[in-house]
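Structure first, commentary second.
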Amino acid sequence: MNKYYLYFLLLITTSLAAQQKGYQYPFQNPDLDSEKRIDNLLSLMTLDEKINALSTNPSVPRLGVKGTGHVEGLHGLALGGPAEWGGKNREPLPTTTFPQAYGLGETWDTELLQKIAAVEALETRFAYQHYNRGGLVVRAPNADLARDPRWGRTEESYGEDAFFNGIMTVAFVKGLQGDNDKYWQTASLMKHFLANSNEDGRTYTSSDFDERLWREYYSVPFRMGVIEGGSRAYMAAYNKVNGIPAMVHPMLKDITVNEWGQNGIICTDGGAFRLLLSDHKYYEDKFLGAAAAVKAGINQFLDEFTEAVYGAISNGYLTEKEIDEVLKGDYRVMIKLGMLDATGNNPYAAIGIDKDAKDPWLSESHKQLALEATQKSIVLLKNDPAKQLLPLNKNNIKRIAVIGQYAEDVYLDWYSGTPPYKVSPLQGIKNKVGNDIEVTYAKNNADGKAAKIAAEADVVIVIAGNHPYCDAGWADCPVPSNGKEAVDRQAITLEQEDLIKVVYQSNPNTVIVLQSSFPYAINWTQENVPAIVHITHNSQETGNGLADVLFGDYNPAGRLTQTWVKDITDLPPLLDYNIRNGRTYMYFKGEPLYAFGYGLSYTSFAYKSIETGSNTLSKNKELEVKVTVSNNGKRDGEEVVQLYVKHLNSKVERPIKELKAFKRVPLKAGETKTVTLTVRAKDLEYWNTAKQRFELEPEDIELQIGGSSDAIALTKQISIKK
Numbered sequence: 040m041n042k043y044y045l046y047f048l049l050l051i052t053t054s055l056a057a058q059q060k061g062y063q064y065p066f067q068n069p070d071l072d073s074e075k076r077i078d079n080l081l082s083l084m085t086l087d088e089k090i091n092a093l094s095t096n097p098s099v100p101r102l103g104v105k106g107t108g109h110v111e112g113l114h115g116l117a118l119g120g121p122a123e124w125g126g127k128n129r130e131p132l133p134t135t136t137f138p139q140a141y142g143l144g145e146t147w148d149t150e151l152l153q154k155i156a157a158v159e160a161l162e163t164r165f166a167y168q169h170y171n172r173g174g175l176v177v178r179a180p181n182a183d184l185a186r187d188p189r190w191g192r193t194e195e196s197y198g199e200d201a202f203f204n205g206i207m208t209v210a211f212v213k214g215l216q217g218d219n220d221k222y223w224q225t226a227s228l229m230k231h232f233l234a235n236s237n238e239d240g241r242t243y244t245s246s247d248f249d250e251r252l253w254r255e256y257y258s259v260p261f262r263m264g265v266i267e268g269g270s271r272a273y274m275a276a277y278n279k280v281n282g283i284p285a286m287v288h289p290m291l292k293d294i295t296v297n298e299w300g301q302n303g304i305i306c307t308d309g310g311a312f313r314l315l316l317s318d319h320k321y322y323e324d325k326f327l328g329a330a331a332a333v334k335a336g337i338n339q340f341l342d343e344f345t346e347a348v349y350g351a352i353s354n355g356y357l358t359e360k361e362i363d364e365v366l367k368g369d370y371r372v373m374i375k376l377g378m379l380d381a382t383g384n385n386p387y388a389a390i391g392i393d394k395d396a397k398d399p400w401l402s403e404s405h406k407q408l409a410l411e412a413t414q415k416s417i418v419l420l421k422n423d424p425a426k427q428l429l430p431l432n433k434n435n436i437k438r439i440a441v442i443g444q445y446a447e448d449v450y451l452d453w454y455s456g457t458p459p460y461k462v463s464p465l466q467g468i469k470n471k472v473g474n475d476i477e478v479t480y481a482k483n484n485a486d487g488k489a490a491k492i493a494a495e496a497d498v499v500i501v502i503a504g505n506h507p508y509c510d511a512g513w514a515d516c517p518v519p520s521n522g523k524e525a526v527d528r529q530a531i532t533l534e535q536e537d538l539i540k541v542v543y544q545s546n547p548n549t550v551i552v553l554q555s556s557f558p559y560a561i562n563w564t565q566e567n568v569p570a571i572v573h574i575t576h577n578s579q580e581t582g583n584g585l586a587d588v589l590f591g592d593y594n595p596a597g598r599l600t601q602t603w604v605k606d607i608t609d610l611p612p613l614l615d616y617n618i619r620n621g622r623t624y625m626y627f628k629g630e631p632l633y634a635f636g637y638g639l640s641y642t643s644f645a646y647k648s649i650e651t652g653s654n655t656l657s658k659n660k661e662l663e664v665k666v667t668v669s670n671n672g673k674r675d676g677e678e679v680v681q682l683y684v685k686h687l688n689s690k691v692e693r694p695i696k697e698l699k700a701f702k703r704v705p706l707k708a709g710e711t712k713t714v715t716l717t718v719r720a721k722d723l724e725y726w727n728t729a730k731q732r733f734e735l736e737p738e739d740i741e742l743q744i745g746g747s748s749d750a751i752a753l754t755k756q757i758s759i760k761k
């Protein structure tokens, strides 16, 4: 018997078994192996149906297969917002709106991040199953690295460190997908593979770097998201990588599929397919481009592709079998979401089915999580010890002046949804002080108003920063220091610093709230103004969370996830992707304005001792590092304990230091705790280009423990053994 006859016999047998269980087709049987279900489904589909399934919705109506499409969800489900993600001219569906991803990164709290993603997943299911809105494939998290503060989409990234972003990415993926053994609550689709951190020219420029940086830096968060987080979906980037457009790069199959085990969705970015010809000028015609994309592993197109795919087939560039091979990834994800199954065994299928079910974004628990995320995201950048202006004491204040154009509203970004409510900084401050303290407001110093109310107040709070989408057209940012998708920043100085100078001249009791999506070189403000905090945009609880910190009801413990330089000349050229040329805390040799991992508290912490269970670490092993930390102040607080590694005698170039463990730890006033951090040998490996593999190098390393990359309190040397 030949193999075709055997396959035919198996198909008939499987079909009969399926019919005996009440299923019309074998692919409908949830007890059947997933690969067999997919093979059966593909065998029943016509070529037209297969080509249609290469969209973001792999439904097959004739066979009763209902697929599901994509939604945006970087910091909450987006079914509204400035970009009208809920549909053009369609009523937005409100959803819980958290701080921007950049702010979520500044929490340094993986448990919190996983809870946030789980809430987003619940709301996504609810919207899909109760209101028939959206989809179950969530385009989040953004695993890209914020290697340069001029990048317009810095707000979407967790930070500049590959290991940190990987840990945060894993947490968000797990939160979105849930902990059920068989089904996912939603599918996490990571963005944007790979090395996409310039907006100007992104549709044709090439991100160039060596193989070690590819393996050890740019791909790390994606690899961790796939292998440790379990994500089985990602979006290819617009740019070229070392001269090859990302969406047709061999890395998609050769590495993410064959090495990492990514066997699900690999989609293009919006409009990326046509850019292969128009901007990259990489193929002579779209038929060759479509064939190359599918052969590379693309199984979902975000722009028009059907004519090109038909042409690729008719010209002999592409076969139906090759389409079958990539479509398997789409249906693996659909099976994990339960889209091919009856709902009985899927715990997520019941969410929102009750017609009287209450909208989850109106629940107190979701509101409280948004508040907690906001509180935890705030970074105290300065609190002059001589003045100790923060936290503000309501008993000593009769009048507060609030100044700045961003004080009156919560400004949403391009990937935001529509929150059910918004608490602005101004409103949050008013909520906090009630009727006992007068609050005055000026948007700017027109007619001298800002200076006047500042002089009349006991304390001044200036809300300065950026507009998240520049309040302008798609590719336009009139203010040089602003940036967004499609536009990189042309400056990192704060235009509103002149307003700060005027206000400070009128009243030195000035607090600056820098509400921004990226770092600023606020050198004058840091040198002169007594108190500065950083907060990102977008949270529905912005004002309440900010007021809690300003008035001491919450002790700030956010930490920076990017190096804040003092001058734009401290940065290499934007398109220089070789980070060894002085980029990020790992290779920057200058003095930063604020270092990676930096952040202050209203209390003080002391590091007492460091102990390891062993003085050596071997391949595939882990090392427990115990650190004793005390809260020496009079206020309860949280410390972010950070562990860095310095390679002492490596034979290859290594970073100055690199983060390899961290933990956010609550400590009551006067309390001492022993904190356990885990260093994994696999995180210390380097990519051996000659042997084409990761390798643990026998060497000595220094463990560095502290509250910031530039505030190391304890060190210990250990040896790495093969």
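In this text, residue positions in the sequence shown follow our numbering: the first is 40, and each later residue adds one. Each residue gets a CB set at the ideal place from its N, CA and C atoms; glycine is no exception. Only a predicted model underlies this, so the values are computations on that prediction, with no experimental measurement involved.
Tell me whether the beta-carbon of aspartate 369 lies closer than 8 Å to the beta-carbon of alanine 92. yes
Give the straight-line distance between the Cα atoms of valine 691 and histidine 506, rounded to the nearest whole angstrom. 43 Å
When burial is assigned at 16 or more other CB atoms within 10 Å of the CB, is glutamine 301 buried or exposed? Under this definition glutamine 301 is a buried residue.
Top-ranked residue by Cα proximity to glutamate 238, from Tyr277, Ala272, Trp223, Lys712: Tyr277
On the three-pair Cβ rule with 8 Å, is the segment 665 to 680 touching the segment 735 to 743? no
Going by beta-carbon coordinates alone, are tyrosine 549 and valine 542 separated by less than 8 Å? Just to set this straight, residue 549 is threonine in the shown sequence, not tyrosine. Yes.
From phenylalanine 818 to proline 180, what does the alpha carbon distance come to, in whole angstroms? With the chain represented from 40 up to 761, any question about residue 818 goes unanswered, as that position is not in the structure.
Roughly how many whole angstroms lie between the Cα atoms of methionine 84 and valine 99? 8 Å
In angstroms with no decimal places, state the Cα-to-Cα distance between leucine 80 and lysine 367. 10 Å
Counting only the same chain and skipping the five closest in sequence on each side, list residues whose C-beta sits under 6 Å from that of isoleucine 649. Val666, Ile744, Leu753, Lys755
Can you name, in chain order, every residue of its own chain whose Cβ lies under 7 Å from the Cβ of leucine 401, other than the five neighbours on each side? Pro459
Alanine 166 versus Ala560, Trp299, Glu111, residue with shortest Cα-Cα distance: Glu111
Secondary structure of glycine 467, DSSP reduced to three states: helix
Using DSSP with H/G/I as helix, E/B as strand and the rest coil, what is methionine 274? strand
Cβ pair isoleucine 500, leucine 589 closer than 8 Å: Remark: C-beta atoms of isoleucine 500 and leucine 589 approach each other more closely than 8 Å.
Compare the Cα-Cα distances from tryptophan 603 to each of Asn583, Asn594, Gly629, Ile618 and report the closest residue. Gly629
Could you tell me the distance, in whole angstroms, from the CA atom of glycine 676 to the CA atom of serine 640? 7 Å
On the CB-based measure, 16 or more other CB atoms within 10 Å of its CB, does leucine 315 come out buried or exposed? buried
Would you check if there are 3 or more beta carbon pairs closer than 8 Å linking the segment 349 to 357 to the segment 180 to 189? no
What does a CB cutoff of less than 7 Å around lysine 763 pick up in its chain, not counting 5 residues either side in sequence? Because the chain in this structure spans residues 40 to 761, residue 763 falls outside the shown range and cannot be described.
Compare the Cα-Cα distances from glycine 191 to each of Asn171, Pro133, Val176, Asn235 and report the closest residue. Asn235
Quick check: the Cα distance between serine 246 and valine 280, rounded to an integer number of angstroms? Approximately 5 Å, taken between the alpha carbons.
Where DSSP assigns a beta bridge to tyrosine 554, which residues make up the other side? Position check: residue 554 holds glutamine in this sequence, whereas tyrosine was assumed. Its beta-bridge partners are Gly504, Ile574.
Return the chain-ordered ranges of every alpha helix (DSSP H) run that is complete within the segment 357 to 419 and spans a minimum of 4 residues. 359 to 375, 403 to 416
Relative to the C-alpha of lysine 437, which residue among Ala496, Gln414, Gly383 is closest? Ala496
With 16 other CB atoms within 10 Å as the buried threshold, where does leucine 698 fall? Classification of leucine 698: buried, given that the 10 Å Cβ count is 16 or more.
Outcome for asparagine 128 when other beta-carbon atoms lying within 10 angstroms are tallied against a minimum of 16: exposed
Is proline 705 helix, strand or coil by DSSP? strand
State the beta-bridge partners of serine 246 as determined by DSSP. Val280
Residues bridged to glutamate 677 [DSSP beta-bridge criterion]: Pro705
If we define contact as Cβ-Cβ less than 8 Å, is glutamate 580 a contact residue for chain D? In summary, chain D is missing from the structure at hand, where a single protein chain is found.
Can you name, in chain order, every residue of its own chain whose Cβ lies under 6 Å from the Cβ of glycine 443, other than the five neighbours on each side? Taken in chain order, the residues that qualify are Val501, Ile502, Ala503.
Taking 8 Å as the cut-off, decide whether the C-beta atoms of glycine 584 and isoleucine 417 are in contact. Yes, Cβ-Cβ distance for glycine 584 and isoleucine 417 is below 8 Å.
Three-state secondary structure (DSSP) of lysine 523: strand
In the DSSP assignment, what are the bridge partners of alanine 700? Leu682
Which residue wins for smallest C-alpha separation from glutamate 477, given the options Ile759, Tyr197, Asn434? Asn434
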